[in-house]
Ligand SMILES: [Cu+2]
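Protein chains in written order, with my numbering: chain A, 10 to 453; chain B, 3 to 455.
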């Protein structure tokens with residue numbers, strides 16, 4: 010990285026930045042109730058929108074949020090998020106800069122600058138969405154276009170995978186709803202009433218956009234977390250809430266309680282498909298065969314690197330995610346897959362598989378796994394029969410989500426491994442050790 | 003790029019199909035055959051033959067299929083609908099072409115996983131069962147249909163090749179008290195009751211194997227290197243899955259896979275892994291509850307209810323197994339009125355015990371009353387910013403058709419709520435290199451008042 014040069018400098022990119030090739034609604038907007046101001050770095054508020062509800066109006070003199078001036082439009086149950094959809098690059102664990110499509114989180118930034126802020130911003134995995142049961146979730150999606158594919162004018166969507174009692178209007182499937190064109194924004198609304206482990210992804214040209222990386226973690230915390238300490242967690246229960254205790258589901262008996270939660274999303278890339286996309290070649294659907302297995306967007310050992318991976322650099326030393334307005338590029342892999350706990354803690358693993366090609370089985374070597382939920386439901390029969398089970402592995406088809414509790418009580422401190430038992434996927438392309446593996450570090 | 007059903011011709015045909023579906027098949031949810039019923043014996047006369055199926059990417063594939071004698075061979079084979087306790091008699095003959103350089107076809111047979119006491123007589127001895135070695139060589143399989151449930155049948159002769167070639171079908175055993183042409187429950191259990199019933203039989207094909215067979219090069223088939231590039235729901239690739247039963251232009255692929263229901267109804271999914279690969283079937287719209295596996299309800303022995311059923315959003319279908327699940331949808335807790343009612347518009351919502359509107363003659367029957375007249379929380383963007391799906395109503399609200407630009411929409415004639423149901427191994431949403439296709443269909447939740455046959 011000797012000089013700051015940008016990989017993408019095409020005329021199309023300039024057009025994108027200028028908004029000239031966008032749809033009719035060239036200025037993206039978001040629909041976040043109670044969002045009337047942009048919060049600047051110094052904490053002051055200026056009129057505008059940043060997809061963050063403003064609880065307080067600005068003090069007329071300091072422009073800082075003033076607790077004596079509550080915003081009448083503010084509702085505590087409102088949760089907003091502003092995502093961009095576009096393209097970019099990520100680092101494979103063997104150093105290969107991989108072209109991809111993806112989302113980035115624009116929440117907290119001026120929504121009128123969404124095109125510049127989102128361009129070449131694709132992250133893998135997509136920004137994690139964490140919701141609380143009882144929230145009303147307003148999600149806005151801005152399509153910033155594909156800087157490296159000026160020939161493409163693909164729309165995008167967000168599909169909230171597993172959302173119960175959904176409406177097609179907000180299901181994000183282009184064939185039976187609407188999708189958003191370049192330069193415009195589409196609102197989604199979800200009344201969040203069921204806790205559990207979900208996932209999200211783009212559903213436009215699903216095989217292509219999902220193989221290209223438009224995948225992310227999404228989960229909902231249970232209302233039972235807000236139980237009163239010392240009181241039963243639900244009516245008729247004999248299990249009393251302990252302050253700070255959290256639960257995967259509204260179990261009424263504390264059996265899904267956990268101390269540490271980690272979402273682990275399995276996915277895999279076929280670099281030949283990504284390269285064909287980058288080079289505007291015919292896409293090899295029938296020949297698709299993934300060669301980069303990952304957890305949370307990284308192959309081992311990147312999975313256990315707790316840092317944000319640096320902005321990808323291509324073989325010519327060029328920053329792949331840089332553009333004229335963002336010359337330093339942008340990191341695109343912000344989360345990792347390391348699990349850290351202390352002996353005695355219960356770890357909730359929110360497992361999901363969003364590979365478009367493969368079933369995967371994962372094992373935790375040396376620690377017990379208990380499956381307590383699947384499909385964003387506690388593992389109970391229709392009349393409440395407990396269906397939990399102990400195991401040493403979990404198999405997941407693409408599109409399946411499974412909740413696992415790892416109880417570390419009485420276990421020896423040390424490093425334990427979570428890895429796929431589909432052993433050929435313990436690789437980063439031709440590096441034959443890595444891939445779909447991470448570590449559980451158990452501290453004393 | 004391409005959007006599903008963008009082609010006008012296909013759009014027109016699909017729209018026609020939605021009407022056609024009302025007229026055809028008015029008495030039975032799952033198309034199939036009960037054979038000849040005499041007393042408590044159901045007799046089926048089947049013959050295997052070779053022919054072509056068509057794929058939506060414009061190709062054809064040579065297959066071997068079962069068919070009823072006197073009717074086209076088909077993929078999958080005829081769905082055999084029988085009653086528990088009845089004696090099932092299947093006479094099978096072999097109409098496949100002779101193997102190259104010989105005067106006889108490869109023998110064929112049928113096996114019935116999950117049935118016991120199957121007697122096979124006639125024909126010639128094979129490894130798993132008696133086989134038919136030619137048109138005059140009749141093999142007869144006889145069994146008493148056991149417990150109710152969803153089962154399959156397939157060839158027991160070189161099944162690695164012959165099931166790939168198409169010799170697979172469904173066997174549905176209805177409770178003795180149920181009429182297979184107007185069933186109301188899957189098992190002798192109250193919580194297996196349903197309003198709508200659909201089959202989802204998933205298979206796949208490697209066209210190269212079929213070419214070798216077509217060219218008489220069966221000896222060159224190597225199943226260990228097979229690589230499927232076509233994926234099927236009820237013998238069709240998406241979007242053909244959404245055409246009606248017995249669409250005349252799909253002569254050898256008679257079975258639709260387009261589920262329809264009304265809000266609040268229970269839809270029974272009979273999911274069958276008919277091929278050689280796993281297929282995770284994802285139901286958009288809501289979770290389903292799995293109620294049975296391999297024709298056995300998920301219940302503990304002492305229970306009179308399906309107490310071991312479970313809810314999920316992706317149903318992984320494994321080769322050779324079946325699963326039954328019940329799906330329902332009301333749109334409860336959306337947080338807004340799905341009909342777009344506004345105060346003072348004369349609409350009403352009178353909740354039943356479940357909080358759903360109770361007046362069956364009203365258009366908003368089963369509306370979740372808690373959200374009645376609550377406004378849509380967001381403003382939908384102007385049309386110029388949007389791309390539209392063929393099944394889009396043009397409106398956020400059920401039963402309400404909005405205005406769409408010319409050439410958009412058009413496949414959702416009643417303003418139903420539509421969800422895609424598909425394999426979540428998304429590479430299976432293509433026909434060879436062409437997206438979309440494969441294991442993909444739509445669920446249409448029609449407003450109450452719209453007739454579903
Ligand atoms: Cu997309």
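No residue lacks a Cβ here, since even glycine has one placed at the ideal position from N, Cα and C.
Residue i: contacting residues in chain A (beta-carbon distance under 8 Å)
i, result
"residue 334(B)", "174"
"residue 310(B)", "390, 394 and 396"
"residue 444(B)", "184 and 185"
Which of helix, strand or coil DSSP assigns to residue i
i, result
"residue 18(A)", "In this prediction, residue 18(A) has a pLDDT of 45, which is less than 50 and means its spatial position is unreliable; what the coordinates show is noted afterwards. Residue 18(A) falls in the coil class under three-state DSSP."
"residue 43(A)", "coil"
"residue 166(B)", "helix"
"residue 443(B)", "strand"
"residue 242(B)", "helix"
"residue 498(B)", "Past the boundaries of the shown model lies residue 498(B); chain B is included only from 3 to 455, so the question cannot be answered."
"residue 35(A)", "Low confidence applies here, because residue 35(A) scores a pLDDT of 49, under 50, leaving its location unreliable; read the following figure in that light. The answer is coil: DSSP assigns residue 35(A) none of H, G, I, E or B."
"residue 86(B)", "coil"
"residue 368(B)", "coil"
"residue 79(B)", "strand"
"residue 94(B)", "strand"
"residue 194(B)", "helix"
"residue 127(A)", "helix"
"residue 84(A)", "coil"
"residue 437(A)", "strand"
"residue 247(A)", "coil"
"residue 70(A)", "coil"
"residue 110(A)", "strand"
"residue 421(B)", "strand"
"residue 237(B)", "coil"
"residue 280(A)", "helix"
"residue 337(A)", "coil"
"residue 138(A)", "strand"
"residue 209(B)", "helix"
Residue j beta carbon less than 8 Å from that of residue i
i, j, result
"residue 357(A)", "residue 252(A)", "no"
"residue 276(A)", "residue 303(A)", "yes"
"residue 405(A)", "residue 362(A)", "yes"
"residue 268(A)", "residue 391(B)", "no"
"residue 216(B)", "residue 64(B)", "yes"
"residue 348(A)", "residue 189(A)", "no"
"residue 212(B)", "residue 74(B)", "no"
"residue 318(B)", "residue 280(B)", "yes"
"residue 176(B)", "residue 238(B)", "no"
Neighbouring residues, chain B, relative to residue i (Cβ below 8 Å)
i, result
"residue 206(A)", "Here the premise fails: no neighbours, minimum Cβ distance about 10 Å."
Chain-ordered chain A contacts of residue i [CB-CB under 9 Å]
i, result
"residue 66(B)", "Near residue 66(B) there are no residues of chain A at all, since even the closest Cβ is about 23 Å away, more than 9 Å."
"residue 390(B)", "183, 186, 187 and 188"
"residue 402(B)", "Correct list: empty, because the minimum Cβ distance to chain A is about 11 Å."
"residue 432(B)", "216, 294, 295 and 297"
"residue 437(B)", "214, 215, 216, 217, 292 and 294"
Chain-ordered chain B contacts of residue i [CB-CB under 7 Å]
i, result
"residue 409(A)", "282, 316 and 318"
"residue 366(A)", "427 and 429"
"residue 180(A)", "286 and 421"
Proximal chain A residues relative to residue i, where beta-carbon distance stays under 7 Å
i, result
"residue 327(B)", "Correct list: empty, because the minimum Cβ distance to chain A is about 11 Å."
"residue 420(B)", "177 and 185"
"residue 289(B)", "173, 384 and 386"
"residue 394(B)", "185, 186 and 187"
"residue 423(B)", "Neighbours of residue 423(B) on chain A: none; closest Cβ ~10 Å, over 7 Å."
Partners in chain B for residue i, counting only beta-carbon separations shorter than 9 Å
i, result
"residue 198(A)", "336, 337, 338, 378, 379 and 380"
"residue 194(A)", "383 and 387"
heavy atom of ligand 3 below 7 Å from residue i C-beta
i, result
"residue 92(A)", "Only ligand 1 can be found as ligands here, which leaves ligand 3 out of the picture."
Point to revise | 3-residue-minimum beta strand (DSSP E) runs that sit fully inside the region 279-355 of chain B, ordered along the chain | key: If only uninterrupted beta strand (DSSP E) runs of at least 3 residues are considered, those enclosed by the region 279-355 of chain B are 281-285, 290-295, 312-314, 316-319 and 324-330.
Exercise for review: List in chain order: all unbroken alpha helix (DSSP H) runs of 4+ residues lying wholly within the region 160-228 of chain A.
Suggested key: Those alpha helix (DSSP H) runs which fall completely within the region 160-228 of chain A and span 4+ residues are 215-220.
Review point. With distances taken from each beta carbon to the nearest heavy atom of ligand 1, which residues come in below 7 Å, in chain order?
Key: A distance filter of 7 Å between CB atoms and the heavy atoms of ligand 1 selects the following residues in sequence order: 94(A), 110(A), 163(A), 165(A), 166(A), 211(A), 213(A), 214(A), 218(A) and 223(A).
Point to revise | Continuous alpha helix (DSSP H) assignments of at least 4 residues falling wholly in the region 358-424 of chain A | key: Runs of the alpha helix (DSSP H) inside the region 358-424 of chain A: none found.
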